[in-house]
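S.K.: Below are the structure tokens for one structure; questions will follow.
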Amino acid sequence: KIFSQVIKPFIHLCNRFSSCKGGEEGFKVAIAGASGGIGQPLSMLMKMNPFVKELSLFDLQHTPGVAADLSHIETLCKVGPDQIYKALKDANVIIVPAGVPRKPGMTRDDLFNVNANIVKELAEAAAEVAPKALIAIITNPVNSVVPIVCEVMKKADKFDPKRIFGVTTLDIVRSNTFVAEALKINPKEVNVPVIGGHAGNTIIPLLSRSTPRVSFSDEQIIAMTKRIQNAGTEVVEAKAGAGSATLSMAYAAARFANSLMRGLRGEQNVIECSYVASDCGGASYFATPLVLGKDGVKENLGLGELNDFEKKEVEAAIPVLIENIQAGVDFVNNFK
Ligand code: NAD
Ligand code: LMR
């Protein structure tokens, strides 16, 4: 099931876009949190990605075993367990799923105290040894953790807003899946942009801009929006204490990392939604569709046209985002 639902579509995705022979031509990708529920399948998908020439795995535990296991996969990509500075050094792309996940009854904000420290330390190391890397943050609460990384980079005088991303791809993946289910079509044919942030009502699917176009009733749009906003909790509850989304997240992060590398390779019109430092959305960080290029964000496509329902969703999200962002900024600036 994992092969047909995750690996096969991913190989298809890589083949569709790749003219890269892999091995010597590719990029160094580092994963921090590589032994975790997301880290392991994500590391496998990266080992199979023809754009990746070197995969460096960092975690507090089990990386030698994960790396040894992956190293037997018959692809050219070199894989190794490394201590943090060696793992991150000169990486082109750093993906961060390090940190604790939710249990039923928790919000993503409840993870702040533990995960803020973890990501701050990783960002400090990245600022030192990989200031040009594209950094993709999966760790929750994404809305606050991305500002933490940016503040750390600012303190180190290494801040480049084009290079730091909060990974919201799972929201797009879910939206595509749920809309395709409702339309009874293949999810690969669906694209729903999702803007805002990555928690509760800050997740704003733009169903009015779905391709193909959908003609849902107002009630259906409200129900679909709520399902997308609540999808993380749906998985947390189904896992009943054993964590949050891991396999779908690994798929989503692999899709996002693949797009970052397509941009780095100079491919044109690579577009993904992501949560970045921005002046587009009424809060200083906002997820919008981005054109990706050789230096990360090439162009922020902004909010685009919204209908009245979506405008109200944005209005409601802004104060929440402002509070989440401030928590991240204060954490770094008041750190003792
Ligand atoms: P997990 O507990 O299975 O794995 C986390 C890993 O991080 C563990 O292997 C742990 O050893 C490692 N780790 C902890 N501190 C570290 C440090 N200082 N340096 C390096 N590694 C460290 O958790 P998971 O299910 O993989 O989830 C990881 C994070 O991703 C959680 O915060 C979760 O909320 C988040 N998440 C985000 C999204 C999203 O859409 N952005 C989706 C799912 C999960
Ligand atoms: C998700 O959307 O699945 C993640 O943010 C994990 C969570 O805690 O919901």
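Residues 3 to 338, numbered by our numbering, are exactly what the sequence shown covers, in order.
Each residue gets a CB set at the ideal place from its N, CA and C atoms; glycine is no exception.
#1: Applying the 10 Å Cβ sphere with the 16-neighbour rule, what's the burial state of H74?
#2: For V54, which of helix, strand or coil comes out of DSSP?
#3: Mapping the DSSP letters down to three states, classify V293 as helix, strand or coil.
#4: Is the region 182-202 in contact with the region 142-157, if contact means three or more CB pairs nearer than 8 Å?
#5: Enumerate in chain order the residues of its own chain whose CB-to-CB distance from G268 is below 8 Å, with the five nearest sequence positions on each side excluded.
#6: Decide if F337 is buried, meaning its Cβ has at least 16 other Cβ atoms within 10 Å, or exposed.
#7: Are any of the Cβ atoms in chain C nearer than 8 Å to that of S261?
#8: Compute the minimum distance between the beta carbon of G67 and the heavy atoms of the ligand NAP, and state whether it is under 7 Å.
#9: Find the nearest neighbour of Y277 within the set R264, V293, E56, M263, judged by alpha-carbon distance.
#10: Identify, in the order they occur along the chain, each residue of the same chain with its Cβ nearer than 8 Å to the Cβ of I327, setting aside the five sequence neighbours on each side.
#11: Answer yes or no: do K122 and V95 have a C-beta to C-beta separation smaller than 8 Å?
#12: Would you mind working out which of A252, N271, K300 sits nearest G35, comparing C-alpha positions?
#13: Report the option in A70, N51, F53 whose CA atom is closest to the CA atom of L59.
#14: Using the three-state DSSP reduction, which class does K338 fall into: helix, strand or coil?
#15: Is the beta carbon of M48 less than 8 Å from the beta carbon of L57?
#16: Using 7 Å as the cut-off, classify the Cβ of V116 as near or not near the heavy atoms of the ligand LMR, replying yes or no.
#17: Give the secondary structure of N302 by DSSP, where H, G and I count as helix, E and B as strand, and everything else as coil.
#18: Measuring alpha carbon to alpha carbon, tell me which of K228, G202, V216, R257 ends up nearest A319.
#19: Select from D220, L172, S219 the residue whose C-alpha is nearest the C-alpha of I40.
#20: Is it right to say I187 is buried, meaning 16 or more other beta carbons lie within 10 angstroms of its own, or is it exposed?
#21: Going straight from the alpha carbon of P321 to that of N115, what length do you get?
#22: Mind the definition here: the region 122-136 touches the region 93-110 only if three or more C-beta pairs lie below 8 Å; say whether that holds.
#23: Run the CB neighbour count on P103, radius 10 Å, all protein chains shown included, and call it buried at 16 or more, exposed below.
#24: Look up K157 in the DSSP assignment and say whether it is helix, strand or coil.
#25: Could you work out which residue in I224, N193, T204, S246 is closest to R211 when comparing CA atoms only?
#26: Taking I174 as the reference, which of N302, Q222, I273 has the closest Cα?
#27: Where do the N-terminal and C-terminal ends of the alpha helix (DSSP H) with A254 fall, by residue?
#28: DSSP on E130, reduced to helix/strand/coil?
#29: Could you give the DSSP three-state label for S276: helix, strand or coil?
#30: Using a 10 Å radius around the Cβ and a threshold of 16 neighbouring Cβ atoms, would you call E26 buried or exposed?
#31: The beta strand (DSSP E) that contains P207, what's its start and end?
#32: Roughly how many angstroms lie between the CA atoms of E183 and A247, to the nearest whole one?
#33: By DSSP, does G25 sit in helix, in strand, or in coil?
M.R.: In brief:
#1: That one is exposed.
#2: strand
#3: Three-state DSSP puts V293 in a strand.
#4: Verdict: yes, contact present.
#5: G295, K296
#6: exposed
#7: Considering every chain present, this structure includes no chain C. It has just one protein chain.
#8: Among the ligands present in this structure, namely the ligand NAD and the ligand LMR, the ligand NAP is not found.
#9: Y277 has its Cα closest to that of V293, out of R264, V293, E56, M263.
#10: N145, S146, P149, A285, S286, Y287
#11: no
#12: A252
#13: A70
#14: coil
#15: In contact: M48 and L57 (Cβ atoms closer than 8 Å).
#16: no
#17: N302: strand per DSSP, three-state reduction.
#18: G202
#19: The residue among D220, L172, S219 with its C-alpha nearest the C-alpha of I40 is L172.
#20: exposed
#21: 21 Å
#22: yes
#23: buried
#24: It is helical.
#25: N193
#26: I273
#27: Per DSSP, the unbroken alpha helix (DSSP H) holding A254 starts and ends at 249-266.
#28: The answer is helix: DSSP assigns E130 an H, G or I state.
#29: In this structure, S276 counts as strand in the three-state DSSP scheme.
#30: Confidence in E26 is poor, its pLDDT being 49 and thus under 50, which makes the residue's placement unreliable; the coordinate value appears in the next sentence. Exposed.
#31: 205-207
#32: 20 Å
#33: Low confidence applies to G25: its pLDDT is 41, below 50, so where it sits in the model is not reliable, and the reading given next is rough at best. Looking at G25 - three-state DSSP - the assignment turns out to be helix.
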